[in-house]
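*Asks:* Before I ask anything, let me first share the structure, which is written out below as structure tokens.
There are 2 protein chains.
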Amino acid sequence: MSTRPRVIIGLSAVVVAASEKGPEVLLSGGAGATGLPFGSFDPVGHRTFELAVRDFVTAQTGYALGYVEQLYTFGDKGREAPLADMGPAGGGDGDRVVSVGYIALAGSIGEGQRRAGIWADWYRFFPWEDRRRENGLETAANLVRDLQAWATTSDQKSRVAMAFGLAGQIWQDSQVLDRYELLYEAGLVTEALRDRARDHVGLNQAAQAATLRASGGEAMVSDHRRILATAMGRLRAKIRYRPIVFDLAPDRFTLSGLQDLVEVLCGVRLHKQNFRRTLERSGLVEPTGVMHAETGGRPAMLFTRSPSSRQSGAPGLTLPLARRQD
Amino acid sequence: MSTRPRVIIGLSAVVVAASEKGPEVLLSGGAGATGLPFGSFDPVGHRTFELAVRDFVTAQTGYALGYVEQLYTFGDKGREAPLADMGPAGGGDGDRVVSVGYIALAGSIGEGQRRAGIWADWYRFFPWEDRRRENGLETAANLVRDLQAWATTSDQKSRVAMAFGLAGQIWQDSQVLDRYELLYEAGLVTEALRDRARDHVGLNQAAQAATLRASGGEAMVSDHRRILATAMGRLRAKIRYRPIVFDLAPDRFTLSGLQDLVEVLCGVRLHKQNFRRTLERSGLVEPTGVMHAETGGRPAMLFTRSPSSRQSGAPGLTLPLARRQD
DNA sequence: AACACTAATGCTCAATATGAGTATTAGTGT
DNA sequence: ACACTAATACTCATATTGAGCATTAGTGTT
């Protein structure tokens, strides 16, 4: 073997589960620094990446994954994971770390069940992505102000407008990564400062970081927030063309419950009656005949996903966005 | 450094261009065995994968790439690239090759211009994907027959039905990879036999290969046909949500020309009047005022892509499929 | 037992979008 | 002047979508 620097494949997993409170992601148990579960790929022991991901997530959290999908492979120099964190198989100095991101859906947990590991609401890291309440809208508005101050070229201005749904454009909930990357470029997220500081120290980092904390969301280790953004975007987009929500929903659910789930994932409000209409027409769900009467209103029919929704190639949900809040 | 087997990152690029004859992909100049241009990633010299891809494609073919996008990272043991082909940076035995696939659009070439490198119609490798003419439909029908003979579990049967648009399902032009993987699993493409032969030799390969050649399409080195399938699927899907066709079309085009391009890429026929209607309404194109009179019929207006179509986040084309052939 | 309250479910209606044609029209070549 | 060809213009029925009002079946209260 030569003495040439090696390439090390780091695998990161965004494990998503949905509780009543909202979408939650599994964090690695690192002390202090927040990051996703990750491990390095063993070229001898692992036959495929996917198996490796399943392995180390189970090993680290005791949780067996259901749906798993590859997201993106990040190889940028300067944004890579710190080698020290790479675990037992981690390499030496001068090695290049390439990280392959995965998204996994952990299914819904039942009543009393408690999942292993540390779970966190993903909007902690992306407060501006939750447009269901005023808070998120305000955060977004603040960031837009800062971004507009930063944008000088017309391309930058147009990117801001498209990403944040300005000037007649509509907010695309799946453009999570575009928005995050803009914030990174503009130096409005902590990671940007951190990565720049590696090369040239000079700016008053402490002061800036304090300002950032407010609307820029919580930072993550390495490029993990970027991977999380990719996962959120992929999930939000995929809901529309594959019946993937059902992997996050309980076995039996009410249509309102399903709607809540979609709303929480996509961070938007939907029109209730129209949501129900498209769902019933889609053939993806079927009534169980059993009612659910625990909301204080009229009891709701419990539905299950239909067999046809399990066929590979089955379509997703069309989401009727609601303009007005009711 | 340890003596642990290394990981080598192979980069493969599907470089697509469209000529009058159809979509063409750039092949690497290997003697005999057909494959995509590829190179190995240099952990020291290359800052990002994308730059590395641009570099080696230019080096190998003299062609500067426009649009470049990452596809997927393949790491399965047993389907990886032969190490001998990996170029100057290629490693020794026992190393694990991980291949990162990219798609790049090379733009339209003008009249007399000749592109460097060897270009081939991509339907050579996927004859069943061209449903514009009888030939492709027949090939698909043949393969479906073989697949149905192979499918035993109900899951396999349903996958075949969904992928090939059987039993009320509709043919999804972007499911190229699903179809190829089914054919691979069923042993109906040459690569499957080749890869199996590595482990256990035993089947009469020569005889089988001869039968395959007919409808299974031309084989490629390593897992390159899988990467090509991924690229075709991604491109076909992306046409619908990003104005990406314009990166393959000439600067000025007629609507019929643009339609031909889309048809050839997606392998389907479109309804002419409706295509024109959605295009004009979309605001993605604008008339130049100049006419084009070389078809023998009424002269056509030449269009260009509009400035708004260049904004990041601009939508794609909605494709009105034509049932009947006219 | 009647009443208010709440959420679920049902139904309507206008505005678009889509699929499938038929009808003109402006060039080219004879 | 005439046939031919492809481009462009319209038409029409049928979904699909966005928005909203109306009714209903439970729960808890007076």
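From first to last, the protein sequence lines stand for chains A and B. The first sequence begins at 2 in our numbering and counts up by one. The second sequence begins at 2 in our numbering and counts up by one. For each residue, glycine too, the CB sits at the ideal point set by N, CA and C.
Say whether chain A places a C-beta atom closer than 8 Å to the C-beta of residue 100 of chain B.
*Replies:* Sequence index remark: in the second sequence, residue 100 of chain B carries index 99 (1-based). Chain A, which has no Cβ nearer than 8 Å to the Cβ of residue 100 of chain B, makes this no.
*Asks:* What did DSSP end up calling residue 25 of chain A once you bin it into helix, strand or coil?
*Replies:* To locate residue 25 of chain A, count along the first sequence from 1; it is residue 24. Note: residue 25 of chain A maps to strand in three-state DSSP.
*Asks:* So with CB distances below 8 Å, who are the chain A contacts of residue 74 of chain B?
*Replies:* For the purposes of this step, residue 74 of chain B is taken as the residue at position 73 of the second sequence. In chain order: 50, 71, 74, 101.
*Asks:* For residue 8 of chain B and chain A, any beta-carbon pair shorter than 8 Å?
*Replies:* One-based indexing of the second sequence puts residue 8 of chain B at position 7. It does: the Cβ of residue 8 of chain B has a partner Cβ on chain A nearer than 8 Å.
*Asks:* Do you know offhand how far residue 380 of chain B's Cα is from residue 265 of chain B's?
*Replies:* Residue 380 of chain B lies beyond the stretch modelled for chain B, which goes from 2 to 327, so this question has no answer here.
*Asks:* Does any residue of chain B have a CB that is nearer than 8 Å to the CB of residue 288 of chain A?
*Replies:* Indexing the first sequence from 1 puts residue 288 of chain A at position 287. For residue 288 of chain A, the answer is no, since every Cβ of chain B falls outside 8 Å of its Cβ.
*Asks:* I'd like the span of the alpha helix (DSSP H) that includes residue 233 of chain A, first residue to last.
*Replies:* Locating residue 233 of chain A in the first sequence gives position 232, where the first residue counts as 1. Element bounds for residue 233 of chain A: 225–239.
*Asks:* Go ahead and label residue 85 of chain A buried or exposed: buried means 16 or more other beta carbons lie within 10 angstroms of its beta carbon, across all protein chains shown.
*Replies:* Residue numbering aside, residue 85 of chain A sits at position 84 when the first sequence is read from its first letter. Residue confidence is low: residue 85 of chain A scores 44 on pLDDT, short of 50, so the model does not pin down where it sits. Its coordinate-derived value is still stated next. Residue 85 of chain A is exposed by the Cβ-count criterion.
*Asks:* Give the interface partners of residue 61 of chain A over in chain B, defined as CB-CB distance under 7 Å, in chain order.
*Replies:* Residue mapping note: residue 61 of chain A aligns to position 60 of the first sequence, counting from 1. Chain B residues near residue 61 of chain A: none, gap ~20 Å exceeds 7 Å.
*Asks:* Quick one: what does DSSP say residue 56 of chain B is sitting in, helix, strand or coil?
*Replies:* Taking the second sequence and counting its residues from 1, the one referred to as residue 56 of chain B is at position 55. Correct three-state label for residue 56 of chain B: helix.
*Asks:* In this structure, does DSSP put residue 302 of chain A in helix, strand or coil?
*Replies:* Working through the first sequence from its first residue, we reach residue 302 of chain A at position 301. Residue 302 of chain A falls in the strand class under three-state DSSP.
*Asks:* Please state whether DSSP places residue 90 of chain B in a helix, a strand or coil.
*Replies:* Counting from 1 along the second sequence, the entry for residue 90 of chain B is found at position 89. Note that residue 90 of chain B has pLDDT 43, beneath the 50 cutoff, so the model's placement of it is unreliable and no number is given.
*Asks:* With burial defined as no fewer than 16 other Cβ atoms inside 10 Å of the residue's Cβ, what is the status of residue 169 of chain B: buried or exposed?
*Replies:* Position 168 of the second sequence, counted from the start, is the residue given in the question as residue 169 of chain B. It counts as exposed.
*Asks:* Using a Cβ cut-off of 9 Å, pull out every chain A residue sitting near residue 160 of chain B, in sequence order please.
*Replies:* Start at 1 with the first residue of the second sequence, and residue 160 of chain B comes out as number 159. Going along chain A in sequence order, the residues near residue 160 of chain B (Cβ under 9 Å) are 312, 313, 314.
*Asks:* At a CB distance below 8 Å, what residues from the region 221–251 of chain B approach chain A? Give them in sequence order.
*Replies:* Correct list: empty, as no residue qualifies.
*Asks:* Is residue 233 of chain B near residue 127 of chain B, with beta carbons less than 8 Å apart?
*Replies:* Here residue 233 of chain B refers to the residue found at position 232 of the second sequence. Here residue 127 of chain B refers to the residue found at position 126 of the second sequence. Against a cut-off of 8 Å, the Cβ pair of residue 127 of chain B and residue 233 of chain B comes out as a contact.
*Asks:* If contacts are defined as beta-carbon pairs under 8 Å, then residue 303 of chain A and residue 254 of chain A qualify, I think. What distance do you get, rounded to the angstrom?
*Replies:* Here residue 303 of chain A corresponds to residue number 302 of the first sequence, with the count starting at 1. Here residue 254 of chain A corresponds to residue number 253 of the first sequence, with the count starting at 1. Residue 303 of chain A to residue 254 of chain A, Cβ: 7 Å. Contact.
*Asks:* Hey, does residue 77 of chain B have any beta-carbon neighbour from chain A nearer than 8 Å?
*Replies:* Here residue 77 of chain B is taken as the residue at index 76 of the second sequence, counted from 1. So yes, residue 77 of chain B belongs to the interface.
*Asks:* What residue range is occupied by the uninterrupted alpha helix (DSSP H) comprising residue 278 of chain A?
*Replies:* Taking the first sequence and counting its residues from 1, the one referred to as residue 278 of chain A is at position 277. Taken as a continuous stretch (DSSP letters only), the alpha helix (DSSP H) holding residue 278 of chain A covers 273–283.
*Asks:* Going by DSSP in three states, residue 256 of chain B sits in which element: helix, strand or coil?
*Replies:* Position 255 of the second sequence, counting from 1, holds the residue named residue 256 of chain B. Helix.
*Asks:* Using a Cβ-Cβ distance under 8 Å, would residue 176 of chain B count as near chain A?
*Replies:* Walking along the second sequence from the start, residue 176 of chain B turns up at place 175. Yes, residue 176 of chain B counts as interfacial toward chain A.
*Asks:* Any Cβ of chain A within less than 8 Å of the Cβ of residue 105 of chain B?
*Replies:* Walking along the second sequence from the start, residue 105 of chain B turns up at place 104. No, residue 105 of chain B lies away from the interface with chain A (no Cβ there is under 8 Å from its Cβ).
*Asks:* Along the chain, where does the alpha helix (DSSP H) containing residue 173 of chain A start, and where does it finish?
*Replies:* Within the first sequence, numbered from 1, the residue matching residue 173 of chain A stands at position 172. Counting along the chain, residue 173 of chain A falls outside any alpha helix (DSSP H), and DSSP gives it neither H nor E.
*Asks:* Taking residue 167 of chain A as the reference, which of A:149, A:178, A:154, A:153 has the closest Cα?
*Replies:* The residue given as residue 167 of chain A occupies position 166 in the first sequence. With distances taken between Cα atoms, residue 167 of chain A lies closest to A:149.
*Asks:* Short of 7 Å in beta carbon distance, which residues of its chain neighbour residue 321 of chain B, apart from the five on each side in sequence? Order them along the chain.
*Replies:* What you label residue 321 of chain B is simply residue 320 of the second sequence in a count that begins at 1. Contacts found: 271, 272, 275, 276, 279.
*Asks:* Below 6 Å CB to CB, which residues in the same chain sit around residue 42 of chain A once its five sequence neighbours on both sides are set aside?
*Replies:* To locate residue 42 of chain A, count along the first sequence from 1; it is residue 41. Cβ neighbours of residue 42 of chain A beyond the five flanking positions: 10, 12, 53.
*Asks:* If you run the structure through DSSP and keep just helix, strand and coil, what is residue 219 of chain A?
*Replies:* Locating residue 219 of chain A in the first sequence gives position 218, where the first residue counts as 1. In this structure, residue 219 of chain A counts as coil in the three-state DSSP scheme.
*Asks:* Can you find a C-beta in chain B that's less than 8 Å from the C-beta of residue 163 of chain A?
*Replies:* Within the first sequence, the letter at position 162 stands for residue 163 of chain A. Closer than 8 Å to some Cβ of chain B, the Cβ of residue 163 of chain A qualifies, so yes.
*Asks:* Can you give me, in chain order, the residues of the region 166–192 of chain A that have a beta carbon less than 9 Å from any beta carbon in chain B?
*Replies:* So the close ones are 170, 173, 176, 179.
*Asks:* Inspect the beta-carbon positions of residue 97 of chain B and residue 17 of chain B and report whether they are closer than 8 Å.
*Replies:* Walking along the second sequence from the start, residue 97 of chain B turns up at place 96. Walking along the second sequence from the start, residue 17 of chain B turns up at place 16. Contact flag unset, no.
*Asks:* Would you give the residue range spanned by the beta strand (DSSP E) that residue 122 of chain B belongs to?
*Replies:* Counting from 1 along the second sequence, the entry for residue 122 of chain B is found at position 121. From DSSP, the beta strand (DSSP E) with residue 122 of chain B extends over 119–122.
*Asks:* Should residue 292 of chain B go down as buried or exposed, given a rule of 16 or more other Cβ atoms within 10 Å for buried?
*Replies:* Position 291 of the second sequence, counting from 1, holds the residue named residue 292 of chain B. Label assigned to residue 292 of chain B: exposed.
*Asks:* Using C-beta distances below 6 Å, list every residue in its chain close to residue 34 of chain B, excluding the 5 sequence neighbours before and after it, in chain order.
*Replies:* In the second sequence, residue 34 of chain B corresponds to position 33, counting from 1. Closer than 6 Å at the Cβ level, and outside the excluded window around residue 34 of chain B, lie 222.
*Asks:* Suppose the cutoff is 8 Å on Cβ atoms and the five residues either side in sequence are ignored; what does the same chain contact list for residue 312 of chain A look like?
*Replies:* Numbered from its first residue, the first sequence carries residue 312 of chain A at position 311. Cβ within range, chain order: n/a, list empty.
*Asks:* For residue 316 of chain B, tell me which candidate among A:176, A:64, A:136 has the shortest Cα-Cα distance.
*Replies:* Sequence index remark: in the second sequence, residue 316 of chain B carries index 315 (1-based). Closest option to residue 316 of chain B, Cα to Cα, is A:176.
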